[in-house]
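Protein chains in written order, with this note's numbering: chain A, 8 to 515; chain B, 8 to 515; chain C, 2 to 468; chain D, 2 to 468.
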């Protein structure tokens with residue numbers, strides 16, 4: 008058992024349902040008790056879906072518990088088949104019902120006989136997989152199912168398109184800014200002269216899946232959804248995959264250059280260098296911002312980064328490499344991706360933290376005393392408590408992560424949006440600090456740290472008075488550095504002289 | 008004399024310089040003392056201009072004061088003419104130097120003889136015109152100058168273009184979100200099949216001005232810059248003008264329908280109803296948001312709106328008509344536009360306030376106790392002090408009004424951005440309230456109003472305890488309504504019974 | 002829709018039970034706030050935890066007084082010892098928070114793996130020295146608000162059996178009467194006690210926000226009736242005394258199990274009344290309690306009339322309009338009865354579970370109201386089937402659908418006006434005073450959509466074959 | 002750029018004066034904070050007001066202790082009576098804030114319309130009972146930081162002429178020594194006084210943040226020198242005593258007018274020293290003061306060496322690099338001297354105004370430093386012409402340009418590294434301790450652009466004919 012107040016990753020069935028409901032005309036049957044069906048509420052309320060969520064619960068109640076659910080599950084499948092005419096019905100249990108260890112595969116087989124739709128059991132271990140792993144697996148499973156079905160029926164499309172083409176893999180519902188990212192990627196591909204062959208799973212028909220192999224390559228921008236599918240397509244058809252997340256000016260250029268390599272190998276005569284240069288220097292404002300005076304003042308400021316693997320790694324690189332900001336530590340809750348994450352952020356931060364314990368993350372933030380936090384909604388609240396400005400860069404999703412205005416994280420417009428996020432985090436923080444210094448807000452309180460052991464050292468009155476003159480937002484740092492300096496030198500009382508000496512020696 | 012802490016409108020010369028420097032290859036000479044030339048700083052720092060601001064000060068110092076500035080001004084004009092080869096040099100004094108009452112017109116005439124560029128004296132009264140009026144006047148003056156010049160030279164273009172075409176008038180530098188608005192308007196015109204004949208002044212060459220008459224109509228989205236020019240063009244050439252600001256779904260549709268009327272009158276066969284419907288219902292998310300559950304909870308919430316005439320009027324209409332939010336009062340600092348403003352917001356708010364006294368505006372906000380404020384940066388700070396969430400909707404400009412990410416206020420993407428602004432203002436406010444109720448933030452203080460006379464009525468202990476149970480964000484309202492109820496009935500002490508009676512009677 | 006049909010009898014039906022509602026563990030969100038010295042430990046899976054985090058509208062910002070005991074693979078496969086695991090977590094909670102009570106909320110999973118919470122609790126309680134209350138708020142047996150029922154039923158067993166003898170102790174225990182007499186001198190209190198008529202002790206059950214508790218307590222005081230205590234109280238240490246023969250009355254329609262426990266295990270006498278929701282319900286509730294105590298109610302006519310007068314501005318917005326309850330929080334019958342009294346027509350009352358005995362008085366009042374208002378008797382649809390309900394909604398075109406969160410946006414997109422049922426669960430809606438709040442909520446979507454009407458944005462989805 | 006040329010003499014030039022800098026009224030932004038019981042009233046036009054609002058980085062959020070007396074058409078055309086108008090505004094200020102002093106800041110406009118502020122002030126001061134100090138911080142005569150000079154020169158006239166006799170009063174007046182002795186017993190203070198050498202009273206002038214005031218006061222105390230007071234003090238009511246023959250020393254290079262006033266009107270003796278900026282300047286400043294008082298300075302060698310050691314990590318980033326000052330805040334000569342000592346080459350020292358007498362010691366140290374560092378003597382360009390400077394910058398390609406805000410972004414866009422001069426105006430840069438802060442600022446753009454170097458984003462403007 009684990010005492011848990013907050014989770015970064017949802018349970019597995021949420022991942023499966025995100026993939027199933029992203030497809031068009033796919034219905035999911037959830038084998039679960041009343042109340043486990045809140046996915047429908049999330050989709051309707053968070054992403055303001057206009058349509059009913061195509062998920063029906065085959066209710067597990069006391070009755071089912073005592074007599075088994077076979078008839079009920081099969082009935083529900085065939086009923087939905089008749090009512091909604093879906094192309095595919097995906098059956099999934101939840102953590103709860105998976106314990107019953109009913110032979111769901113057998114129910115699916117039985118229902119298949121009667122239903123016009125294809126019927127599939129999501130093949131996920133609900134105690135070992137989290138949301139992301141389940142989503143990745145479910146997408147791969149559905150793709151494999153339709154590839155194999157087409158192969159059997161002989162209508163698989165493997166011949167490459169005449170012009171360069173791409174499958175964009177990993178766009179899904181209830182994911183972080185995915186809808187806007189997708190628009191931006193389509194625009195980018197258009198500008199590169201690449202036809203979008205398919206986007207999966209969001210908005211795709213399962214019938215399109217048999218044509219996936221005709222694309223020249225796959226683009227999988229997210230670590231959390233897509234890699235299993237692109238691996239499968241690579242193994243089956245030798246399809247190359249671009250798995251560089253085009254987030255930030257540098258990585259977007261690297262992604263485009265990788266695409267160029269693939270297209271060139273495929274016989275296309277493309278050179279994207281001028282495009283990259285024009286976008287970087289004149290279309291996107293991010294490179295210019297990095298060089299501008301506004302950004303100069305961010306140089307060397309301390310930040311911490313935490314989120315899913317994709318976003319935390321990308322933002323860490325942008326902060327360090329494109330803006331000269333000092334990332335004290337970067338972390339992710341995507342524990343299975345530890346190796347990948349460490350490699351990505353190596354050299355871009357002082358320390359890497361792999362953990363999904365929100366308490367630990369909160370403590371580490373408090374101890375690091377960064378000037379800004381880039382994290383999830385939870386870190387935003389930690390930041391509120393500690394009075395440190397926070398930009399939200401990652402799921403778990405929240406209604407605020409479904410902005411109505413266009414806010415992609417990927418591509419060149421994404422670079423602009425990310426700059427705004429970073430800049431506003433620091434400067435709105437700065438504004439509060441200035442208000443404190445200039446006394447604009449009479450009600451403003453000094454900043455107190457949530458977690459910070461009181462000192463064993465004495466401060467004499469003059470030194471205390473001097474410390475109080477230090478603006479609140481650096482006072483903690485000055486205090487700690489001065490105390491460390493004094494402790495190292497065996498001094499027990501801090502005087503003005505000690506303060507100045509500490510500043511001269513270590514910049515306290 | 009006026010005791011002033013904060014100004015909503017800049018002095019006149021800023022308006023003139025905004026127009027002059029918006030044009031390409033136009034140089035301005037400012038006849039002013041050292042230190043009056045901060046326009047260059049604003050343009051460079053606020054809008055992160057990459058180029059040097061083409062404004063040179065002909066410095067007024069003690070020497071000039073005693074001997075007159077004639078030679079210096081003329082020298083500076085001819086020097087810049089030689090150094091920068093501008094098409095036009097605009098000369099302007101500031102409030103300060105205009106008092107010297109030198110014969111600047113004569114200097115201009117003298118300089119014209121020598122300079123290759125056209126030379127023009129901005130015709131503005133620096134004590135009667137504010138920034139907006141001066142900008143409007145300067146644009147009209149430059150347009151008229153080049154129309155007349157072309158007429159004289161016989162190269163004026165008055166024949167209409169074959170296809171429908173438009174001049175977009177009023178886009179300028181250092182204005183509120185103008186760059187993104189302009190992109191959105193160009194996109195919209197493209198979708199309507201209308202060629203953009205000219206955009207002035209931002210990015211235009213003065214040589215283009217002689218071709219203005221060939222457009223089918225003028226589009227002037229802002230009250231603050233454009234009307235004098237469109238009036239002039241209407242008077243000279245009978246050019247129709249669309250002066251409906253396409254902000255919000257309803258007004259954007261009205262703007263497009265007005266365009267349709269003009270085009271139809273001009274012989275084009277257009278019908279934009281399907282386009283409007285598709286954009287309204289499916290492309291923009293604003294109409295759907297208005298109907299969604301998120302927005303339902305905003306119904307009847309109280310807001311105040313304050314800003315320039317264009318934005319304050321448009322936001323008031325959106326809040327009331329598209330979102331069912333109760334606008335307690337709407338106000339503007341654009342006093343010369345009082346009549347227009349009153350007409351625009353009539354029926355959409357309880358009260359109209361025309362004032363540029365920021366102290367009065369602050370007091371009125373405090374007394375209204377709205378759930379959200381939509382105003383300028385100044386109101387944002389009032390909101391911070393009063394703990395009321397605020398969305399910034401209008402100049403005076405601030406570095407935050409030059410976002411790097413795409414954030415138009417006009418057109419269909421503008422409707423999305425405005426929805427986000429409104430929704431986030433209310434919900435982030437709501438989040439703070441929820442935190443207060445749920446006690447998530449241990450450091451959170453109750454809300455205290457800056458301006459609020461203490462009560463003459465006594466609250467007994469039970470009633471006081473009960474009042475303290477009311478969440479902070481409505482406590483002020485409950486307190487006032489209950490006291491009003493008691494006072495009306497001649498009761499001097501508030502008991503639990505009085506509280507309940509007040510609630511039953513007036514919903515306190 | 003104008004229906005002129007003669008009222009018949011109430012029609013009870015039951016469908017497939019394929020409907021959306023919240024998990025009963027939701028109740029911790031309001032109960033942990035209500036009982037200020039409590040800690041709620043939900044023993045379940047990641048699925049339960051993610052629900053609490055997402056669905057409650059507020060995320061777990063800091064560390065509230067509830068948490069998950071998240072079951073991991075080792076727990077499910079019984080490789081770990083339940084007692085040891087729970088002890089470890091509860092020790093941590095004791096150390097961090099030192100609550101007066103830890104409430105274990107069992108879930109579907111603890112049911113399925115047959116974790117013996119009732120067996121483990123007494124042992125750990127003895128070892129830890131903190132009361133541990135166990136409630137099986139699982140989705141196999143219960144829906145949404147019934148979670149409160151399971152907790153209150155469990156807590157009923159913890160109410161003291163005897164009133165303490167010393168006056169001081171009594172004062173301390175009876176927090177409500179203390180509040181009422183706050184600041185008065187001893188003599189005044191005695192005088193004040195004499196304001197009450199002589200009647201057997203009365204305890205009310207149901208979790209309500211403090212201001213509503215005070216309000217209802219005062220309403221009864223006006224009739225000379227003294228409320229001896231509330232279940233739950235503000236603090237676990239202030240649970241009301243329940244002696245055999247005490248009278249009890251519920252304030253919420255979903256507390257049938259608590260009612261049964263109070264009658265069977267604590268030998269209390271249940272006053273079966275309509276629920277104090279709306280001026281009509283509140284009046285009936287007070288009248289029924291008065292009648293049990295042989296007290297002639299005073300001024301209720303005027304009181305009710307005055308309330309109706311005060312809310313007329315709202316009532317006129319809904320009079321003559323129709324409403325459809327899809328069924329969610331078990332407040333549906335009371336709400337429907339009140340809205341019919343307001344002049345609405347109710348097309349269907351969906352409800353997850355219908356205890357006809359516990360709700361008997363409410364059902365009777367509903368029938369009476371329909372007759373008096375000349376309104377058709379609605380069908381009460383227990384365990385509804387949402388799919389079928391949607392077909393009926395498309396056919397009947399109600400002016401307002403009161404529904405769970407999963408359906409509100411899609412219905413609005415199809416031009417059908419909705420209100421979330423969940424909001425009523427969290428609103429202060431009991432008693433005379435709060436009638437206005439119910440109507441504020443009910444009319445909000447109507448007012449909003451009235452506002453938007455002229456914009457012509459009725460249908461916000463592309464044409465589709467409505468099947 | 003490596004220059005091996007022999008150092009020659011300093012070269013003074015003067016250009017057209019067509020350069021950008023801030024208006025001298027800027028000084029209210031730091032002076033109102035420094036003098037805590039003051040109120041600054043800037044008497045000028047909308048142009049002045051909008052400058053204060055925009056250029057200071059912080060907007061006037063609430064109501065700080067400064068405001069505009071905005072001149073309107075009636076004021077300009079003399080239809081309104083200046084005295085009556087100012088009285089109305091100052092009465093309002095007295096009522097709202099009750100400051101110990103109101104400082105009238107005259108502007109270009111008051112100069113042009115010849116408003117007789119010096120004539121009006123005494124009359125209103127007498128009528129209102131609040132001291133009114135007038136300063137002509139106008140752009141016709143002064144640039145940016147010289148605004149402080151005009152205010153301090155005006156305040157010098159308000160310093161008491163005689164030290165109060167009673168010990169108590171002295172204690173009260175001498176806030177600095179109070180701070181130094183805070184918390185000590187009377188005996189200690191006497192003892193502490195004996196730590197000081199016997200020397201004539203010394204008053205320092207120049208507005209510095211409190212921590213820097215304390216720091217410099219302590220540095221002198223280490224040499225046995227007692228600072229009798231600072232102009233300005235934290236409070237107007239604590240202005241230092243200035244008797245004839247007192248010694249005064251400035252800490253800022255832009256205070257020539259204040260220095261002249263102290264010498265001519267208050268008959269003080271000016272200690273002409275380099276300014277305490279950088280370890281070298283601070284050391285020279287202390288040494289010069291010591292030498293005037295015939296005190297042998299103690300441990301300055303070690304102190305300076307220790308500071309240099311502490312900042313070596315920064316110094317090595319700039320050693321051998323070149324810097325160009327466009328001229329803005331009159332700190333340029335001191336900054337240049339310090340940076341040459343750090344091993345930089347200075348290509349040009351633009352400066353709005355060069356008082357060779359007041360800055361004589363600093364200029365001598367600059368020359369000496371160039372010789373010792375074998376660095377070419379920079380040209381000091383008074384009243385520069387920014388257009389010409391840009392041509393020189395394009396030609397000389399400095400590694401760093403220190404410039405006003407109007408040019409920083411365009412230069413960066415052209416691949417030229419810049420630092421805002423304004424930041425040095427607001428930074429704590431005086432004394433040994435703060436040397437690190439100067440270098441932190443100076444090296445920041447270099448560190449930043451070093452960071453970005455590999456990205457190949459040197460030129461962020463389209464090709465253009467550089468004219």
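Don't be surprised by glycine CBs; every beta carbon is placed ideally from N, CA and C.
Source: prediction; values computed, not measured.
- By the neighbour-count criterion, in which 16 or more other beta carbons inside 10 Å mark a residue as buried, residue 73 of chain A falls on the exposed side.
- Secondary structure note for residue 113 of chain D: it is in no beta strand (DSSP E), and the uninterrupted alpha helix (DSSP H) holding it is 109-113.
- At a beta-carbon threshold of 7 Å, none of the residues of chain A lie near residue 238 of chain C; the nearest stands roughly 24 Å away.
- Secondary structure note for residue 403 of chain C: its beta strand (DSSP E) is the uninterrupted segment 401-404.
- By the neighbour-count criterion, in which 16 or more other beta carbons inside 10 Å mark a residue as buried, residue 330 of chain A falls on the buried side.
- In this structure, the CA atom of residue 45 of chain B is about 24 Å from the CA atom of residue 76 of chain D.
- Non-local beta-carbon contacts of residue 150 of chain D in its own chain, meaning distances under 8 Å to residues more than five positions away in sequence, involve 143, 255, 256, 257, 258 and 259 in chain order.
- Chain-ordered listing is empty here: chain B has no CB closer than 8 Å to the CB of residue 246 of chain A, the nearest sitting near 33 Å.
- Residue environment for residue 486 of chain B: buried (at least 16 other C-beta atoms within 10 angstroms of its C-beta).
- At the C-beta level, residue 43 of chain B and residue 99 of chain B stay beyond 7 Å of one another.
- Within its own chain, the residues whose Cβ lies closer than 7 Å to the Cβ of residue 56 of chain A, once the five positions on either side in sequence are excluded, are 50, listed in chain order.
- DSSP, reduced to helix, strand and coil, places residue 236 of chain D outside both helices and strands of the structure shown, so it counts as coil.
- Residue 67 of chain D has D:41 as its beta-bridge partners, per DSSP.
- At least one beta carbon of chain C lies nearer than 7 Å to the beta carbon of residue 507 of chain B.
- The C-alpha of residue 466 of chain B lies about 6 Å from the C-alpha of residue 502 of chain B.
- Distances from the CA of residue 397 of chain D to each of D:405, D:406, D:410 and D:418 were compared; the closest alpha carbon is that of D:418.
- For residue 290 of chain C, the uninterrupted alpha helix (DSSP H) segment begins and ends at 279-293.
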